[in-house]
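First residue of the sequence shown: 1, per UniProt numbering; consecutive thereafter.
Cβ atoms here follow ideal geometry from the backbone N, Cα and C, with glycine treated the same way.
Quick caveat, the model's predicted, so the values are computed rather than measured.
One structure is given here, and the rest of the page talks about it.
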Amino acid sequence: MGRKLDPTRKEKRGPGRKARKQRGAEVELARFLPPGKCGLHRPAPAPRCPRPSDRRVSSRRARGRQEEALQSRQKEVRGAVRRAGGDGNSKWLAPAKAKKTQPKGNHVELSSDGEVEEGSWEMEEEEDGSSEEMVDDYGASSSEEEELLPIEKAALKQKPDRECLSEDDSEEEDEEEDEASKQKMGQKEEEGTDLQLNLDIDEQFKLPTNEEIEKEDILFIYDIHKPFACSWAVGDSLTVFPPAEPPDLHVIHQRIQGNMEVLQDFGAKREEGRSRQEYLALLRRDMAAYYSYSDFLLTKLMDIFPLPELINFLEANEVPRPVTIRTNTLKTRRRDLAQALINRGVNLDPLGKWSKTGLVIYDSTVPIGATPEYLAGHYMLQGASSLLPVMALAPQENEHILDMCCAPGGKTSYIAQLMKNTGMILANDSSAERLRSVVGNLHRLGVTNAVVSNCDGRQFPKVLGGFDRVLLDAPCSGTGVISKDPAVKTNKDEKDILRCAHLQKELILSAIDSVNAASETGGYIVYCTCSIMVEENEWVVDYALKKRNVRLVATGLDFGKEGFTRFKDHRFHPSLKSTRRFYPHTHNMDGFFIAKFKKFSNAIPQTQKEPAVEAAAPSAVPAAIITEPPLKKKKLEGSKADEEQNLPQPALKKKRSLQAQRRALKA
């Protein structure tokens, strides 16, 4: 393998690696070819357009020729001086040894074919003046430097550059290294201080001083027209400062954790001279700042939940609930729907053992609200907590059912699904705008046994009554769906809660009056809200138990927490244990409250206890309240007599005759 060279004959090598191979091949082939046929001719290359590299190479070659001419002229001058015996200028004429032109940086110029450019280094001749160079038959130089490969030449040229770094560069590098080492040491010191702080927090939590609390209580009042300026209101004074940095949430979170540990073992870990109220006030303030809640709402939540559970509730509200859908069994089965959605790239699972129609969606490659199955009415986008009231209502076929607050129609369609489109459902809502979505969903889902009405629920018993079952999803403050509407954290106050509670009391009495207690299969009312406030749930249920002939029964749901029978200083009916509460941090669904009533009499009880109250505490009930109804009655009778006197004689006779006819009909 390879070429067979004669070791006794050593050919002169050319300037480059490629040149050696090309020249050597021609020489070796000439030994084996007959005489006259040793010429190897390549075709002339096709002309090409000039490139910038060609111009650079030609300019370098021109500079090389000029330098060669200058060197030859210097040699002639030095030879003449030697022949003349020297004139003292020999040192000036002698070239410097190996004088190199230092390029800027460590840059090495290479030609277009990858070899080192000529002229990037300039070497002058030595003092011996030997200018003769060995040249082979092709005019190539045989110097030792040209025998090296291009990469070896580049390495040789870079080596002196690294060795000849200037003192300024070395000093700068030393300074940079010193600064880097100082920064590392500073980082280590900061880490050490952080660790020490963490250890101090773990060891003992201390309340901040009043001065620190006052500094953190500064309120930022930003001007809309001047976004780069703000005002700080401290007490009654108002001072303008440039925008400051927001509070450090990491420090606040650590303080919350330390405060929680102290409150869990207050007797052993509390600071001397500090009361529990001070720790609770600091905890409420820190949680309001960390989770962005109003002080009012956070105070209410602290009354409902124990402290460890409160943290879990607040954390759960920061995470959205999983997307769930309900299968419409009027058109398909859950198994077929799940398979169709899986084929479209939807990752889903059954909602739980408690639901036979629910599916939970983890992720999807297609929009869930725009699939062909959704448009065909095979499923409804509905929260898991919205399925529970209908399951508690347990509607039967061929019943008359009232959905008093039906928008957007998810519960109404679920009732129709359980009734298999039999009987009659009256879907009512006081908002005409929201009824549009109800009508659209009922048409899409194929519901045919529903009648949509736009009435005020408080006046509904006068409009229509005698229903077998009533579902009341009352409007509320929305404190159970904070993950969907974070604005609830700050835009609710005491007036909003009491306003909702008053409306809910009116609606629940109307719902109870709309039910027929003599129904063979029904007589049930389900009251539910998406709120966790006691004022909107247990208080309203306890009020209904006192005002109407109803009792609480089991909801039929196997999970959920029991309702409150005592809250702070209030005591509710013991049967409120049968109500159910659902929380996002325990059941992974929106906060919800459900209560189920059974009506056992259509009569409205007369709970007039004023005389008894007056006997027990005469000063507690004013006499004006007791005498108010008789006064109103006398006033009404007097007004009727005055009207009869003012009527003309023919009209008065006609009115009296009509009254006589009515009495006769009644008799």
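Practice item. Identify which residue in Leu-388, Glu-536 and Ser-531 has its Cα closest to the Cα of Arg-499. Key: Glu-536
Check your understanding: Around the C-beta of Ser-531, are 16 or more other C-beta atoms found within 10 angstroms, so that it is buried, or is it exposed?
Key -> buried
Check your understanding: So what's residue 671 in DSSP terms, helix, strand or just coil?
Key -> Because the chain is modelled from 1 through 667, residue 671 falls outside the range shown and cannot be assessed.
Check your understanding: If you count every other CB in all the chains shown that lies within 10 Å of the CB of Gln-417, and 16 or more means buried, which is it?
Key -> buried
Point to revise | Range of the contiguous alpha helix (DSSP H) that encloses Leu-557 | key: No alpha helix (DSSP H) holds Leu-557; DSSP gives it neither H nor E.
Review point. Is Gly-267 buried or exposed, if buried means 16 or more other CB atoms sit within 10 Å of its CB?
Key: exposed
Check your understanding: Does the beta-carbon distance from Met-380 to Ile-325 come in below 9 Å?
Key -> The beta carbons of Met-380 and Ile-325 sit closer together than 9 Å.
**Study point:** Burial state of Phe-597 (16 or more Cβ within 10 Å)
**Key:** When all chains shown are included, Phe-597 counts as buried.
Exercise for review: Taking only the alpha-carbon atoms, compute the straight-line gap between Val-553 and Phe-600 and give it to the nearest angstrom.
Suggested key: 12 Å
Check your understanding: Can we say the stretch 321-337 touches the stretch 295-311, given the rule of at least three CB pairs closer than 8 Å?
Key -> Under the Cβ criterion (8 Å, minimum of three pairs), the stretch 321-337 does not count as touching the stretch 295-311.
Review point. When you compare only the Cα positions, how much space is there between Asn-343 and Gly-383?
Key: 23 Å
Practice item. Please name the residue, chosen from Ser-657, Phe-305 and Leu-280, that lies closest to Thr-586 on a Cα-to-Cα basis. Key: Phe-305
Practice item. Output the distance between the C-alpha atoms of Glu-125 and Arg-61, rounded to the nearest integer angstrom. Key: Confidence in Glu-125 is poor, its pLDDT being 40 and thus under 50, which makes the residue's placement too unreliable to answer from.
Exercise for review: Look at the Cβ atom of Lys-489, then the Cβ atom of Ser-364, and state whether they are nearer than 9 Å.
Suggested key: no
Point to revise | Exposure label - Asp-473; buried when at least 16 CB within 10 Å | key: buried
Practice item. Note down the Cα distance separating Ala-289 from Arg-551, rounded to an integer number of angstroms. Key: 43 Å
Practice item. Taking the CB atoms as reference points, tell me whether Pro-322 and Val-360 lie closer together than 9 Å. Key: yes
Practice item. Check whether the Cβ atoms of Cys-528 and Pro-475 sit closer than 9 Å, and answer yes or no. Key: no
**Study point:** Whole-number beta carbon distance between Ile-252 and Leu-283, since they are thought to touch under 8 Å
**Key:** With a Cβ gap of about 11 Å, Leu-283 and Ile-252 do not count as contacting.
Review point. What are the partner residues of Met-380, as DSSP defines its beta bridges?
Key: Arg-326
**Study point:** Rounded C-alpha distance that separates Arg-78 from Ser-59
**Key:** 29 Å
Check your understanding: Does the distance from the C-beta atom of Ile-594 to that of Pro-395 stay below 9 Å?
Key -> no
Practice item. Could you spell out the range, first to last residue, of the beta strand (DSSP E) harbouring Gly-358? Key: 358-364
Point to revise | Three CB pairs or more closer than 8 Å across the stretch 456-470 and the stretch 423-432 | key: yes
Check your understanding: What is the DSSP secondary structure of Ala-517, counted as helix, strand or coil?
Key -> coil
**Study point:** Bridge-paired residues (DSSP) for Thr-529
**Key:** Phe-593
Review point. Residue range of the alpha helix (DSSP H) that Asn-588 falls in?
Key: First-last for Asn-588: undefined, no H or E at that position.
Review point. To the nearest angstrom, how far is it from the Cα of Asp-496 to the Cα of Ser-477?
Key: 7 Å
Practice item. Can you tell me which of Leu-387, Ile-604, Asn-421 and His-400 puts its alpha carbon nearest to the alpha carbon of Ser-510? Key: Ile-604
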